[in-house]
Structure formats: structure tokens, C-alpha cells
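Structure first, then comments.
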Amino acid sequence: PRFQVEFIDDGQATGQYRAKYATIVGKVARAHYPPMYKDWAEVPDLTKDALWKNVLEEIDLPLIQKECTLRKLNIAWKQKKYELRHVYDKFPIDVEQKRNVPIKVKKKEWEAFVDMCSTEEDKTKKKNSLTGEVSRTEGYVAIHTGRDGSCINFETKQSLEEIDRLLSNEPDIVERDLDNDPVALEIAQREKRARENSKSGYEAIMERLEEVDKARKILEDGVADLKRQSSGIGNASQIDHHGDEYSHVDVCHPYTFKEVKVPSVPCKEIRVIDLEKHDVKVDSWKGMQSAGDHAAT
């Protein structure tokens, strides 16, 4: 059966199925994304809709989450292209590159990908790299930005600005090993902040839900009290008739009312009932008596 995923305001998945959601999105991107497009904007809308439907086969998502999920698919797609580029770079000429088709990639799509990577534009980018290879930093930037360099969200923008600052001071830091790479450290810190924010956001939501639940119960109790009070007022003069005189009058006395006005009635006794204390106060009269105002106790 399909499962549901919780999201916070910025579109980040949260809750117990957060990791499973990311796994399925990545799996769909790897299995169905055609790698021969340079940019997400070039991917046909029909292909995007098909990818969305592939995700819906396993996850029950509302339509409002389509755009967010497509952004996740885009990131996973770029990651796949980044990995395929490493395969492409292992071979010096197009013939060998096209012959060595990666596992789970269609031959026709791989050949189109090789042709795309063999353009003068891509060769120039590779030549301008210090080692002739795509660095971790270049891969991260490519995955988390659009073709026009725009960022997918504000936090990513902050990280990329910090990466640009580091690179402007030391261009060769991208060639360092992972433990000594400030760029890798910035990326790791960003991912840690994202996880912490997701967790704190989830906890805040749960606390808010608990508060709402408590408020709902208080409201229900209040409504029940009002119903009881209304019923009591409606029955304020339950009179038993015996001959020419009344035997008694029951007067409900809710704790929310300051006083109860009892009309002049022929009766033998008046019982004032306090709903809060659950007791009965009896005043007796004979013949025609005028019952005055009784203050609440």
C-alpha cells in the first residue's frame, strides 16, 4: 500500500517516512530520467508528468506537493548525470565512450549523452578545470543550481555564497582530500542544519497539534456544560400538581449564573439545585407564597 509523507512549510519532507520518500524519488530519477538533456528546463513536460506519476505509484502525495517533488527529482537527476560524467571521462575518445555503456542506461540515451558532453562548450569547461576533471565543488554547485545559476532555496544560496568566497581566496582547495576541504565542510554543515531544522520543525508541529487537541477537549467540555445548563433552565419549573396546590418547584441553579429569579407560584416547597455542588436546598411554603430572588452559593 502507498504511504503518506508529512511536509513542513518550506517543502521539506519530515516525519518517519522522510528518508523513504527521498529514496523513492532518487530511484525514480535514476530509472526513468533521460540523461541527454543539458538542463531541467529542456526536459519535456510530458516526461516530468510521467516521473511524477511514477512517484505516486508508491507514495500518496497531494497535488500541492508536485512542484516540490519535481525539484527533488531534478536534484537526483543532476546527481545521476554527474556520475555518468565520471564514466564518460574514463575514456579518451567518443568511440570508446559510446561503446562502454553504464549499467541500467539505455544505449541510445547514453550515446546522446556522450554527444552532449563532447560539444565544444563542455570540452572548454573541462579544459578550464585545474585537473581536467569535475571536482566535488563543481558537482555540488551543478546539482544544486539551475542552468542560469539560480538556487533551489534560500539556505542553498547561503551555502553557495560561502563556497564562492572560499574559492575566491583559495582556488586550489577543491583539489584537497575530503577531510581538509573547506568546501566539503560547508556542504556537510549545511546538510546538518537542514536535518536539525527538519527535526525541530517536526517537533514544533507535534507540540502545536497537542495544544490544539487540548484546546479542543476544553471546548468540548465547555459545550457539554452549556448543554446541561440549558437543559436545566428549560426544566426550571417542573411542577407536580396535587389538587388545588403544587407540591414543589425545582429550580436549577448553574454556577455560571449569579442568581435565579423564581416567580410567585402556589406551592408547598421550592428546591434550589446547585449544579456545581450537586446539592439541593429546600424552602417550604404553605398556600400562596411569593418566592424572592435566590442568590447563588
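The opening position of the sequence shown corresponds to residue 2 in this note's numbering, with each subsequent residue numbered one higher.
Glycine included, C-beta positions come from ideal geometry on N, C-alpha and C.
Just so you know, these numbers come straight off a predicted model, no measurement behind them.
Residue burial classification, residue i (beta-carbon count within 10 angstroms, cutoff 16)
{"i": "Asp222", "result": "exposed"}
{"i": "Arg86", "result": "buried"}
{"i": "Gln98", "result": "buried"}
{"i": "Gln5", "result": "exposed"}
{"i": "Ser291", "result": "No answer about Ser291 holds up, because its pLDDT of 40 lies below 50 and its placement is not dependable."}
{"i": "Glu277", "result": "Because the pLDDT at Glu277 is just 44, under 50, the model does not fix this residue reliably, and the point stays unresolved."}
{"i": "Lys79", "result": "buried"}
{"i": "Val224", "result": "exposed"}
{"i": "Pro45", "result": "exposed"}
{"i": "Leu220", "result": "exposed"}
{"i": "Lys81", "result": "buried"}
{"i": "Ala32", "result": "exposed"}
{"i": "Ala20", "result": "exposed"}
{"i": "Ala77", "result": "buried"}
Contacts around residue i, its chain only, beta-carbon distance under 7 Å, and the 5 residues preceding and following it disregarded
{"i": "Leu74", "result": "Val26, Val29, Ala30, Leu52"}
{"i": "Glu59", "result": "Arg3, Ile25"}
{"i": "Val102", "result": "Lys108, Trp111"}
{"i": "Lys67", "result": "Trp53"}
{"i": "Tyr38", "result": "Val44"}
{"i": "Tyr18", "result": "Phe4, Val6"}
{"i": "Lys215", "result": "none"}
Counterpart residues of residue i in DSSP-defined beta bridges
{"i": "Phe8", "result": "Ala14"}
{"i": "Asp61", "result": "Gln5"}
6 Å CB neighbourhood of residue i in its chain, flanking five on each side removed
{"i": "Asp10", "result": "none"}
{"i": "Ser119", "result": "Asp95"}
{"i": "Met117", "result": "Met37"}
{"i": "Glu7", "result": "Thr15, Gly16"}
{"i": "Asp61", "result": "Arg3, Gln5"}
{"i": "Ala113", "result": "Met37"}
{"i": "Pro35", "result": "Glu110"}
{"i": "Asp226", "result": "none"}
{"i": "Arg84", "result": "Before going on, a small fix: residue 84 reads as Glu here, not Arg. No residues qualify anywhere along the chain."}
{"i": "Ser231", "result": "none"}
Alpha helix (DSSP H) segment containing residue i, residue limits
{"i": "Glu112", "result": "108–118"}
{"i": "Gln102", "result": "The sequence given here has Val at residue 102, not Gln. Segment: none, Val102 is in no alpha helix (DSSP H) and carries neither H nor E."}
{"i": "Tyr89", "result": "67–90"}
{"i": "Val56", "result": "46–57"}
{"i": "Tyr22", "result": "19–33"}
Contact set for residue i: own chain, Cβ-Cβ below 8 Å, skip 5 residues either direction
{"i": "Val115", "result": "Tyr89, Asp95, Gln98, Lys99"}
{"i": "Thr70", "result": "Val26, Trp53, Val56, Leu62"}
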